[in-house]
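K.L.:
The numbering used here runs 1019 ahead of the 1-based position in the sequence shown. Glycine is no exception: its CB is placed at the ideal position from the N, C-alpha and C atoms. Note that this is a predicted model, so its numbers are computed, not measured. This structure is in structure tokens; I'll ask about it shortly.
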Amino acid sequence: MAPRIRVIANQKGGVGKTTVTVQLASTVADTIGARDGQVPVLGVSTDPQASMLEWAGRVGAALPFDFEQCVDPAALARLRRLDQYAHVFVDTPGSLDNEGLLSEVLRQADEVIVPIEPEAMAFGPAARTIRQVIAPTGVPYRVLINNWDPRDGDHDLRETQEYLAAEGFPSFNTVIRHYKLHARAAAEGVTVVQYARNRVALEARQDFFRVALEVLGNDGQPARHRGVNGVYTAAGGR
Ligand SMILES: Nc1ncnc2c1ncn2[C@@H]1O[C@H](COP(=O)(O)OP(=O)(O)OP(=O)(O)O)[C@@H](O)[C@H]1O
Ligand SMILES: [Mg+2]
């Protein structure tokens, strides 16, 4: 069976694409566990800047999922054939000049996760990515609010949630909060799975568990079907 492919995309830089990809892939891998000794989760970085590659390298053997750095559109076109995996999470570059690569990845995707920070300046770039790049492909997407600091109060968070609702952009119920632990994770070479078992770390980790539940919750939906040319058929609902 083809894996479920989730692409994490937003052409605005620094919104948490790599963070969400690594932490979500780790959480899902840790939660569903290895099958027959094989990890059923693959994380793919398609970002030439390779920040996920550096992070994965620092985590080393403790990385709970398999990892590939791949910027070759031809190789990315074969993602759906990797049936040894149940779930694939794909990190994408935060830049407007990689649309070719992004389009290829989106052709493979079952869902797009669009991280956004809860601030008005983030709205325009996210809306552009959704309207110009994601929506035209017909691939379902959900916006994920990331990096909300509760100490700032909930004004900006509410404004962001109201904006998403007003635009009709589907979004996750879970909001990923800002934690220093997440900010340091890449440099320290850890994922949520390696966080210490103290209260703050468990809280930080919980956000990704909740998103993972929401993500996997959609797996009960009928699988999408593709025609030979890679275009979704009517059975896929589009
Ligand atoms: N929930 C969070 N809590 C704390 N820090 C966070 C959180 N999410 C992201 N960050 C930090 O914000 C910065 C940008 O995050 P990240 O690198 O994941 O974004 P990106 O969208 O992948 O960026 P780029 O577009 O450059 O690839 C990083 O330093 C990361 O550690
Ligand atoms: Mg990144």
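Can you find the residues in the same chain that come closer than 7 Å, C-beta to C-beta, to Pro-1134, ignoring five residues on each side of it along the sequence?
P.N.:
Closer than 7 Å at the Cβ level, and outside the excluded window around Pro-1134, lie Ile-1027, Asn-1029, Val-1034, Gly-1035, Lys-1036, Val-1039, Leu-1163 and Asn-1165.
K.L.:
Do the CB positions of Val-1047 and Ala-1231 come within less than 8 Å of each other?
P.N.:
A contact, by the Cβ cut-off of 8 Å.
K.L.:
With burial defined as no fewer than 16 other Cβ atoms inside 10 Å of the residue's Cβ, what is the status of Ser-1122: buried or exposed?
P.N.:
Under this definition Ser-1122 is an exposed residue.
K.L.:
So Leu-1061 and Val-1090 are supposed to be a Cβ contact under 8 Å. How far apart are they, rounded?
P.N.:
Leu-1061 to Val-1090, Cβ: 16 Å. No contact.
K.L.:
Are Glu-1233 and Thr-1179 close, meaning C-beta to C-beta below 8 Å?
P.N.:
Not closer than 8 Å, so no.
K.L.:
Using only the alpha-carbon positions, how far apart do Tyr-1104 and Gln-1225 sit?
P.N.:
If you take the alpha carbons of Tyr-1104 and Gln-1225, they lie about 24 Å apart.
K.L.:
Using a Cβ-based criterion (distance less than 7 Å to any ligand heavy atom), does Asn-1166 qualify as near ligand 1?
P.N.:
Flag set: Cβ of Asn-1166 near ligand 1.
K.L.:
Closest to Gly-1056 by CA distance: which of Pro-1083, Val-1063 and Leu-1043 is it?
P.N.:
Comparing Cα positions, the closest option is Pro-1083.
K.L.:
Output needed for Gly-1032: all residues of its chain with C-beta closer than 8 Å, excluding positions within five of it in sequence on either side, in chain order.
P.N.:
Gly-1113 and Ser-1114, listed in sequence order.
K.L.:
To the nearest angstrom, how far is the alpha carbon of Thr-1156 from that of Leu-1101?
P.N.:
Taking the straight line joining both Cα atoms gives about 22 Å.
K.L.:
Using the beta-carbon count (16 or more within 10 Å), is Pro-1022 buried or exposed?
P.N.:
That one is buried.
K.L.:
Using the C-alpha atoms, what's the distance from Trp-1074 back to Ala-1145?
P.N.:
Looking at the two C-alpha atoms, the distance is approximately 25 Å.
K.L.:
Spell out the partners DSSP gives Glu-1087 in its beta bridges.
P.N.:
Paired residues: Val-1063.
K.L.:
Taking the alpha-carbon positions, what's the Asn-1237 to Glu-1130 distance?
P.N.:
Cα to Cα, Asn-1237 sits roughly 10 Å from Glu-1130.
K.L.:
Hey, would you say Ile-1195 sits closer than 8 Å to Arg-1161, going by beta carbons?
P.N.:
It is not a contact, given that the beta carbons lie outside the stated cut-off.
K.L.:
Which value, in whole angstroms, describes the spacing of the CA atoms of Val-1152 and Phe-1188?
P.N.:
So the two alpha carbons sit approximately 14 Å from each other.
K.L.:
Compare the Cα-Cα distances from Glu-1138 to each of Asn-1117, Pro-1159 and Asp-1173 and report the closest residue.
P.N.:
Nearest option by C-alpha distance: Asp-1173.
K.L.:
Restricting to Cα atoms, I'd like to know which of Ala-1206, Pro-1067, Ala-1094 and Asp-1085 is closest to Asp-1049.
P.N.:
Out of Ala-1206, Pro-1067, Ala-1094 and Asp-1085, Asp-1085 has the C-alpha closest to the C-alpha of Asp-1049.
K.L.:
In its own chain, which residues sit with a C-beta less than 8 Å from the C-beta of Leu-1200, not counting the 5 before and 5 after it?
P.N.:
Answer for Leu-1200: Tyr-1214, Val-1219, Ala-1220 and Ala-1223, listed in chain order.
K.L.:
I need the boundaries of the alpha helix (DSSP H) containing Phe-1228, first residue and last residue.
P.N.:
From DSSP, the alpha helix (DSSP H) with Phe-1228 extends over 1218-1236.
K.L.:
Taking only three categories from DSSP, how would you classify Asn-1117?
P.N.:
Residue state, collapsed to three classes: helix.
K.L.:
If you reduce the DSSP assignment to three classes, tell me which class Asp-1171 lands in.
P.N.:
Of the three classes helix, strand and coil, the one that applies to Asp-1171 here is helix, per DSSP.
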